[in-house]
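Visitor: If you're matching positions, the sequence shown starts at 0 in numbering that gives the first Met the number 0 and goes up one per residue.
All C-beta atoms, glycine included, are put in the ideal place defined by N, C-alpha and C.
Pasting a structure here, questions to come.
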Amino acid sequence: MSVQLTRSVRGACVVLALTFGAAGPAVAAEVIPSLHLTRETGQDAVRLSGGLAVRGPVVRGVLDTELGIAYRQDLYEGGDVRVHSWPITASLWFRPQRALYVGGGLGWYNTTVEYPYSHYADETTQRVGVHLGGGVRVPLSREVSMDLGGRYVFRQHGHGALLPHDFEADSWTTTLGVAVRF
C-alpha cells in the first residue's frame, strides 16, 4: 500500500474517532447489520453481500457519521477462482427529515483473487473511491429501525491519482438493514 494511501486511511480513522468522541457518551450510536445488492456498471449480474456499519450523530437529528464494512465472495470457473471483496467506508449523512438521509463519503475497496487449486499466486488490489447516496429509515420501535439505502460508487482507476477523477459510476449498491440503537 502506498504511503499516501496509508496516511489517508489513518487520517479518515482519526476524523471518525474525533467525530464519534465529540458526540459524547449520552448520544446513542447505532449498529446496522445489512444485506447488499451490488451491480457493477456494464454487467447484468447482481451480487449479494453482507455488511455491518456503526452510525452516530455529529449534530443530533441533522448530521450523522458512519463507518462500515461489507464482504462478498464470488466463485468463477467452477470454484477454481474465488474473488473476495471487502470495502471499508466512512460516510457523512445529512438528514433533511427524520426518516431521510443523503450524503456520501470515502471508501477503501479491497479485492483478493484467490486460485486455490492452481500454481497462480493470489492477488490483492486496493483502490480508493467515493460514494454518493441516501436512504430511508422506517422506525419499528424506539430502538430499532429498518434502513433502506442506496449509493453510487466511483473508484480510482490506475495508480496515478489518489481519488477518482472521471466520476462515472463503477457500481451501485442497494442495502437493507436493521438499525439497532444503543
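Which residues share a DSSP beta bridge with residue 37?
Guide: Partner(s): 46, 172.
Visitor: On a CA-only basis, which of 69, 53, 115 is nearest residue 77? Give me that one, please.
Guide: Nearest option by C-alpha distance: 115.
Visitor: What is the DSSP secondary structure of residue 106, counted as helix, strand or coil?
Guide: Note: residue 106 maps to strand in three-state DSSP.
Visitor: Output the distance between the C-alpha atoms of residue 182 and residue 181, rounded to the nearest integer angstrom.
Guide: For the chain, the structure presents residues 0 to 181; residue 182 sits outside this window and is missing.
Visitor: Classify residue 155 as buried or exposed, calling it buried when 16 or more other Cβ atoms lie within 10 Å of its own Cβ.
Guide: Flag for residue 155 reads buried.
Visitor: Taking three-plus beta-carbon pairs below 8 Å as touching, is the region 137 to 152 in contact with the region 118 to 127?
Guide: Output reads no: the region 118 to 127 does not touch the region 137 to 152.
Visitor: If distances are taken between C-alpha atoms only, which option among 40, 49, 43 comes closest to residue 33?
Guide: The residue with the shortest Cα to Cα distance from residue 33 is 49.
Visitor: Sort out for me which residues DSSP pairs residue 129 with in a bridge.
Guide: For residue 129, which the question treats as bridged, DSSP gives the partners 105, 153.
Visitor: Spatial neighbours of residue 135 within its chain, please: CB distance less than 7 Å, with the 5 preceding and 5 following residues excluded, ordered by chain position.
Guide: Closer than 7 Å at the Cβ level, and outside the excluded window around residue 135, lie 98, 99, 147.
Visitor: In chain order, what residues of the same chain have a beta carbon less than 6 Å from the beta carbon of residue 35, not counting five sequence neighbours either side?
Guide: If we look at residue 35 and ignore the five residues flanking it on each side, its Cβ neighbours are 48, 50, 69, 172, 174.
Visitor: Can you tell which of 113, 38, 74, 109 has its C-alpha closest to the C-alpha of residue 128?
Guide: Nearest of 113, 38, 74, 109 to residue 128, Cα basis: 109.
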